[in-house]
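Just so we're aligned, residue 3 is where the sequence shown starts under the working numbering, counting upward by one. Built from N, CA and C at the ideal position, the CB exists for glycine as well. Predicted model only: the values in this text are computed from it and were never measured. Step one of this worksheet: look at the structure below.
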Amino acid sequence: MKYYLPLTAVAALTLLSACNNNDEPEVVGGPADPMASQLANAAPVELPPSVKNSFQFRCKDNSLVFVDFLSDDKTANLRTEKDGTPTKLTAAEAGQPFEAEGGYKVEGNGKQVTITLPGKSALSCKA
């Protein structure tokens with residue numbers, strides 16, 4: 003009786019190890035995806051650019067302006083208050099001035115820029 007118990011356990015494990023050697027799990031049930039063809043033919047999704055540099059500028063008139071330059075080098079977000087609503091400025095090409103409707107303009111993207119705000123003349127600003 004002592005010899006039959008281990009022998010039975012080995013036989014059971016051998017039989018169980020032969021079951022379902024398929025590496026991929028089998029999914030059963032559910033209707034086909036009605037949007038499968040649309041998703042397969044959809045254009046690739048492009049993520050929005052991330053913040054590359056963020057500066058707080060002090061301008062010649064002693065005002066503060068906050069600018070976030072984005073990683074695509076064609077977009078910047080400008081705020082006139084630290085927690086204010088950003089204004090999105092865009093450039094036609096990398097290296098060109100960033101502009102937005104209403105008279106917003108940022109020339110440069112380093113520690114020294116020229117900023118034009120609506121109703122004001124261009125100001126030289128330093129980070």
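Three-state secondary structure assigned by DSSP to Ser56
It is a strand residue.
Mapping DSSP to helix, strand and coil, what is Ser126?
Note: Ser126 maps to strand in three-state DSSP.
Cutting at 6 Å between CB atoms, please list the residues of its own chain near Leu119, excluding the five before and the five after it.
No residues qualify anywhere along the chain.
Residues of its chain near Gly121, where Cβ-Cβ distance is below 8 Å and the 5 sequence neighbours each way are ignored:
Result list for Gly121: Gly105, in chain order.
Using three-state DSSP, classify Tyr93 as helix, strand or coil.
One detail in the question is off: residue 93 reads as Ala in this sequence, not Tyr. Of the three classes helix, strand and coil, the one that applies to Ala93 here is coil, per DSSP.
Count the other CB atoms, across all protein chains shown, that sit within 10 Å of the CB of Thr92; report buried if there are 16 or more and exposed otherwise.
Counting Cβ neighbours within 10 Å, Thr92 comes out exposed, since fewer than 16 surround it.
For a test of the three-state rule: what should DSSP assign to Thr10, helix, strand or coil?
Three-state DSSP puts Thr10 in a helix.
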